[in-house]
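Colleague: Under my numbering, residue 550 is the last one in the sequence shown; the count climbs by one each step, no gaps. Have a look at the structure that comes next, please.
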Amino acid sequence: MAGHNLTTVEYFILLGFSDLPKLQGILFAIFLSIYISILIGNGLLIFLTKIDSGLQTPMYFFLGNFSFLEICYTSVTLPRMLADLWTQKRTISFFACAVQTCFFFILGVAECLLLAAMAYDRYVAICKPLYYPLIMNHKLCVQLVVVSWMLGVPVLIEQTYQIFSLNFCGPNKINHIFCDAPPLFKLACGDTYKIEVSVHVVAQLFILTPFLLILASYIKIITTILKLPSTAGRSKAFSTCFSHLMVVGLFYGSGSIVYFQPKSSHSEGSVKIFALFYTTVTPMFNPLIYRFLYVKL
């Protein structure tokens, strides 16, 4: 980045909810409660999947890893937002902004890929039950988790480098709650078209492709469930998938509004709300969804 010698901005200002000065204390209390709930809820799921011998199956192995990923994903943005609400400083260095953006990309893509791996697990369990223990062995489960975490890392580091190699020569106020590509493009001087297209292509590859794999898995799953002879069998089979579908819907639904809709179709305020939804609200509700609909502890 330093080699370009064009960037004059040394730090950014995350505006966040600065337009609500009288609500800063209330917002801090709300988001602190949410963060604690995320840590406790997902931490409890990780703990239970480790100590309960009855939960040593691929389904719960993926669930434990997903819960850990949710904690990491949320920790990229929420602690910083809490610090801004508490101190009212709102400044973030150029390097810290780049690091936050990079980890946000990496963990977001890892979540998409892990959701796809979990869908594949349900596909094998329901559509190929006799082969399930053979196909979903521990080695394959570990490989799927490692691939989910690591597959996008080189590309996403390169994407982050490209974004922060842009010429930021003047405005440094990011009208968002964390550093992310869309609001950063608005601050860049000069032509950003090529890099925006590159980011969009990578998003299509690492976000839309897992979604299509999830969709294909569940089309096959639902087709298989509908062929089951008994109502009880259909209900039991679908109950193991329903919570995963809810999580996929919440995560992809709010994320697609931010990243795949035309810029003119939503305001910056709505973007903040939907960003909060997939970075904080969804991880908070995930343990509850899996607790009552999936894990059935």
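Beta carbons are placed, not taken as given, at the ideal position from N, Cα and C, and that holds for glycine.
Just list the residues that DSSP pairs N420 with in beta bridges.
Modeller: If you number the sequence shown from 1, residue 420 lands on position 167. Paired residues: C442.
Colleague: Measuring only the C-alpha atoms, how far is I460 from L367?
Modeller: Here residue 460 is taken as the residue at index 207 of the sequence shown, counted from 1. Here residue 367 is taken as the residue at index 114 of the sequence shown, counted from 1. In a straight line, the C-alpha of I460 is about 11 Å away from that of L367.
Colleague: Just to confirm the assignment, what range does the beta strand (DSSP E) spanning I430 have?
Modeller: The residue you call residue 430 lines up with position 177 of the sequence shown. Counting along the chain, I430 falls outside any beta strand (DSSP E), and DSSP gives it neither H nor E.
Colleague: Apply the 10 Å Cβ neighbour rule to S341 and answer buried if 16 or more other Cβ atoms are within range, or exposed otherwise.
Modeller: In the sequence shown, residue 341 corresponds to position 88, counting from 1. The sequence shown places Gln at residue 341, not Ser. With fewer than 16 Cβ atoms within 10 Å of its Cβ, Q341 is classed as exposed.
Colleague: Just the C-alpha distance for V352 and L331, rounded to the nearest angstrom, thanks.
Modeller: By one-based count along the sequence shown, residue 352 stands at place 99. By one-based count along the sequence shown, residue 331 stands at place 78. Computed Cα separation, rounded: 15 Å.
Colleague: If you drop the 5 nearest sequence neighbours on each side, which residues of the same chain put their C-beta closer than 6 Å to that of T261?
Modeller: Translated into the one-based positions of the sequence shown, residue 261 becomes position 8. Contacts found: C422.
Colleague: Looking at the structure shown, is F347 part of a helix, part of a strand, or coil, going by DSSP?
Modeller: The residue you call residue 347 lines up with position 94 of the sequence shown. Helix.
Colleague: For F358 and V454, I'd like the C-alpha separation in whole angstroms.
Modeller: Mapped onto the sequence shown, residue 358 falls at position 105. Mapped onto the sequence shown, residue 454 falls at position 201. Each residue's alpha carbon lies about 14 Å from the other.
Colleague: Taking the C-alpha atoms as reference points, what is the distance between V329 and V450?
Modeller: Numbered from its first residue, the sequence shown carries residue 329 at position 76. Numbered from its first residue, the sequence shown carries residue 450 at position 197. One C-alpha to the other measures close to 25 Å.
Colleague: Using only alpha-carbon positions, find the residue among P536, Y471, K275 and F527 that is nearest to D374.
Modeller: Taking the sequence shown and counting its residues from 1, the one referred to as residue 374 is at position 121. The shortest C-alpha separation from D374 is found at Y471.
Colleague: So, are the CB atoms of L301 and L292 less than 8 Å apart?
Modeller: For the purposes of this step, residue 301 is taken as the residue at position 48 of the sequence shown. For the purposes of this step, residue 292 is taken as the residue at position 39 of the sequence shown. In this structure, L292 does not lie closer than 8 Å to L301 by Cβ.
Colleague: Where do the ends of the alpha helix (DSSP H) carrying F265 lie?
Modeller: Here residue 265 refers to the residue found at position 12 when the sequence shown is read from its first residue. It is not in any alpha helix (DSSP H) - F265 instead sits in the beta strand (DSSP E) that spans Y264 to L267.
Colleague: Below 8 Å between beta carbons: does that hold for P536 and E323?
Modeller: Position 283 of the sequence shown, counted from the first residue, corresponds to residue 536. Position 70 of the sequence shown, counted from the first residue, corresponds to residue 323. Their beta carbons are under 8 Å apart, which means P536 touches E323 by this criterion.
Colleague: Among the candidates Y385, F431, F270 and V408, whose CA atom is the shortest distance from the CA of T310?
Modeller: For the purposes of this step, residue 310 is taken as residue 57 along the sequence shown, with counting starting at 1. Per the Cα distances, Y385.
Colleague: Taking the straight line between their C-alpha atoms, what separation do you get for I379 and S488?
Modeller: Looking up residue 379 in the sequence shown gives position 126. Looking up residue 488 in the sequence shown gives position 235. Near 12 Å, if we compare the C-alpha coordinates of S488 and I379.
Colleague: Helix, strand or coil for M389 per DSSP?
Modeller: Within the sequence shown, residue 389 is the residue found at index 136, counting from 1. Residue state, collapsed to three classes: coil.
Colleague: Among the candidates L397, R343 and L541, whose CA atom is the shortest distance from the CA of Q277?
Modeller: By one-based count along the sequence shown, residue 277 stands at place 24. For the residues L397, R343 and L541, the minimum Cα distance to Q277 belongs to R343.
Colleague: May I ask which residues mark the beginning and end of the alpha helix (DSSP H) holding D337?
Modeller: If you number the sequence shown from 1, residue 337 lands on position 84. Its alpha helix (DSSP H) spans residues P311 to T340.
Colleague: Indicate the three-state DSSP secondary structure (helix, strand or coil) for D224 in the structure shown.
Modeller: Residue numbering for the chain in the displayed model covers 254 to 550; residue 224 lies beyond these limits and cannot be assessed.
Colleague: With 16 as the cutoff for other CB atoms within 10 Å, does P540 come out buried or exposed?
Modeller: Within the sequence shown, residue 540 is the residue found at index 287, counting from 1. Label assigned to P540: buried.
Colleague: Straight-line CA distance for F281 to V524?
Modeller: In the sequence shown, the residue the question calls residue 281 occupies position 28. In the sequence shown, the residue the question calls residue 524 occupies position 271. The straight-line gap from Cα to Cα measures roughly 19 Å.
Colleague: Excluding the 5 residues flanking M389 on each side, which residues of the same chain have their C-beta closer than 7 Å to its C-beta?
Modeller: Within the sequence shown, residue 389 is the residue found at index 136, counting from 1. The answer, listed in chain order, is P311, D374 and V377.
Colleague: Are the CB atoms of F265 and C394 nearer to each other than 8 Å?
Modeller: Taking the first residue of the sequence shown as position 1, residue 265 is located at position 12. Taking the first residue of the sequence shown as position 1, residue 394 is located at position 141. Not a contact, by the Cβ cut-off of 8 Å.
Colleague: Let's test the definition: count the other Cβ atoms within 10 Å of the Cβ of L201 and tell me whether it reaches 16, buried, or not, exposed.
Modeller: Past the boundaries of the shown model lies residue 201; the chain is included only from 254 to 550, so the question cannot be answered.
Colleague: Using the C-alpha atoms, what's the distance from S492 back to C325?
Modeller: Taking the first residue of the sequence shown as position 1, residue 325 is located at position 72. Taking the first residue of the sequence shown as position 1, residue 492 is located at position 239. Cα to Cα, C325 sits roughly 28 Å from S492.
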